[in-house]
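Q: In my numbering, the protein residues as written are 1473 to 1677.
Ideal Cβ positions, reconstructed from N, Cα and C, are used throughout, including at glycine.
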């Protein structure tokens, strides 16, 4: 897809969710909307924050063309055969980089006793740490996205401060109970944005 706006968006008129989709989808929804009685907010689903310049309804057709499918490749280029490079003799290159690692003797002894030896054990430990860190980052980003959305559209509503504290504390049941008192579309979208923050990584056996 050829697009200037890679994210996905959600539009609200007051507390009512109007549309979700690409920037062009939001512009089309706004173009078909009668004069709104409530303020319209368009949120970037990647950040949870309202966009500074929502799409103009009169730009709907132009945005639809910009976000249309990419032009097909010329037939001659598509038909051209591609030859895979011949593999070099010997062991395949795995991108392994040799560097010095300084450890205490007890660390080397523990690594040497692991299946596959020290190098394989170190690689496993690094991958596990990366996955654990990625999960924590995903939960943090989800909480921040949800908070930005809540602040913009529900900061004046009863229970907002308590819901925000429950969100960052990981108290799912309390959070859901508090936002349930808000308009249905607002509560539903907040719940969707917050969903990744409730995921707890499963420890490896």
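#1: Using the three-state DSSP reduction, which class does residue 1571 fall into: helix, strand or coil?
#2: Measure from the alpha carbon of residue 1622 to the alpha carbon of each residue in 1650, 1610 and 1662, then state which is nearest.
#3: With respect to the beta strand (DSSP E) encompassing residue 1514, which residues constitute its N-terminal and C-terminal limits?
#4: Just the C-alpha distance for residue 1608 and residue 1594, rounded to the nearest angstrom, thanks.
#5: Just the C-alpha distance for residue 1501 and residue 1491, rounded to the nearest angstrom, thanks.
#6: If you draw a straight line from the alpha carbon of residue 1624 to that of residue 1671, how long is it in whole angstroms?
#7: Which residues does DSSP list as the beta-bridge partners of residue 1481?
#8: In chain order, what residues of the same chain lie with their CB nearer than 6 Å to the CB of residue 1551, ignoring the 5 residues before and after it?
#9: At which residues does the alpha helix (DSSP H) containing residue 1578 begin and terminate?
#10: Residue 1483 and residue 1514 - do their beta-carbons sit closer together than 7 Å?
#11: Taking 8 Å as the limit between beta carbons, can you name the residues of its chain near residue 1614, skipping five residues before and five after?
#12: Among residues of its own chain, excluding the 5 on either side of residue 1658, which ones have a beta-carbon nearer than 7 Å to its beta-carbon?
A: So, from the listed chains and residues:
#1: In the three-state reduction of the DSSP assignment, residue 1571 falls in the coil class, being assigned neither a helical nor a strand state.
#2: Relative to residue 1622, the option among 1650, 1610 and 1662 whose CA is nearest is 1662.
#3: Annotation for residue 1514: the continuous beta strand (DSSP E) segment containing it runs 1512-1516.
#4: When rounded, the separation of the alpha-carbon atoms in residue 1608 and residue 1594 is 21 Å.
#5: Their backbone Cα atoms lie some 6 Å apart in a straight line.
#6: Rounded to whole angstroms, the separation of the alpha carbons of residue 1671 and residue 1624 is 25 Å.
#7: For residue 1481, which the question treats as bridged, DSSP gives the partners 1493 and 1516.
#8: Reliability fails at residue 1551, whose pLDDT of 47 lies under 50, so the model's placement of it is uncertain and no value is given.
#9: DSSP places residue 1578 in the uninterrupted alpha helix (DSSP H) bounded by 1577-1584.
#10: In this structure, residue 1483 lies closer than 7 Å to residue 1514 by Cβ.
#11: Hits under 8 Å: 1665, 1666, 1667, 1668 and 1669.
#12: Beyond the five residues adjoining it in sequence on each side, residue 1658 comes within less than 7 Å, by CB distance, of 1487, 1625 and 1626 in the same chain, given in chain order.
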